[in-house]
Amino acid sequence: MYAIVDIAGQQFKVEKDQKYFVHQLDAKPGSKITFDNVLLLDDKGKVTVGAPSINGIQVTAKIEQHFLGDKVIVFKKKRRKGYAVKNGHRQRLTEITVQEIGKKSASKKTTPKNEDKKVEAKKASPKKSAVKKASTKATKVASKGKKES
4 MYAIVDIAGQ QFKVEKDQKY FVHQLDAKPG SKITFDNVLL LDDKGKVTVG
54 APSINGIQVT AKIEQHFLGD KVIVFKKKRR KGYAVKNGHR QRLTEITVQE
104 IGKKSASKKT TPKNEDKKVE AKKASPKKSA VKKASTKATK VASKGKKES
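Residue 78 in my numbering is what sits at position 75 of the sequence shown, and the numbering runs on without skipping anything.
Following this line, the structure appears as structure tokens:
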């Protein structure tokens, strides 16, 4: 069983218990992360293609570590001009291990509780009456010699 998943703007063909190096993700090492943007799923020869993604399927992965990739040297030169620039770059990467490819599990509904607290807090604070300022109307002045169209 494998899936093609969009992770951090790149597409990866992932299988269970495989390690992948992706662009750095905002999560701590050791935490689990889910990817909902599954583009294709192959389950024992049965291929499901999403349009653009498959609803109800997710990939769960564990973040192993964050690290810097190998240095890439960028050397620019223009001959006979005395111009040479050397730059280096190291990409921030995250190592992930795919743990599960399957259907979405029932998510916990914590958001309605948070919304109730926000509503209660808003009711407790008294509303201040807005003071309206007198607005001055701008008058149009027609310039001499120009016709309005």
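Just so you know, even glycine gets a beta-carbon here, dropped at the ideal spot from N, CA and C.
Measuring CA to CA, which of the options is closest to residue i?
i, options, result
"K47", "Y23, F15, M4, I66", "M4"
"A11", "K19, H26, E18", "H26"
"K107", "I60, K22, V41", "I60"
"S56", "N40, E98, K49", "N40"
"Q14", "A30, T100, L42, Q21", "L42"
"P32", "E67, R82, K79", "E67"
Determine the extent of the beta strand (DSSP E) in which residue i is found, giving its start and end residues.
i, result
"L42", "41-46"
"N90", "86-106"
"K79", "60-81"
Can you list, in chain order, the residues of its chain with a C-beta nearer than 8 angstroms to that of residue i? Leave out the 5 residues immediately preceding and following it.
i, result
"G91", "K74, V75, I76, V77"
"L96", "F24, V25, H26, Q27, H69, F70, L71, G72"
Answer with buried or exposed for residue i, where buried requires no fewer than 16 other C-beta atoms within 10 angstroms of its C-beta.
i, result
"A54", "exposed"
"K81", "exposed"
Looking only at its own chain, which residues have a Cβ that is under 7 angstroms from the Cβ of residue i, when we skip the five neighbours before and after it?
i, result
"T63", "K35, T37, Q102, E103"
"K112", "Summary for K112: the model assigns pLDDT 47, below 50, so the residue's position carries little reliability, and this model does not support an answer."
Any beta carbon from chain D within less than 8 angstroms of residue i's own beta carbon?
i, result
"K19", "Here there is only one protein chain, and chain D is not present."
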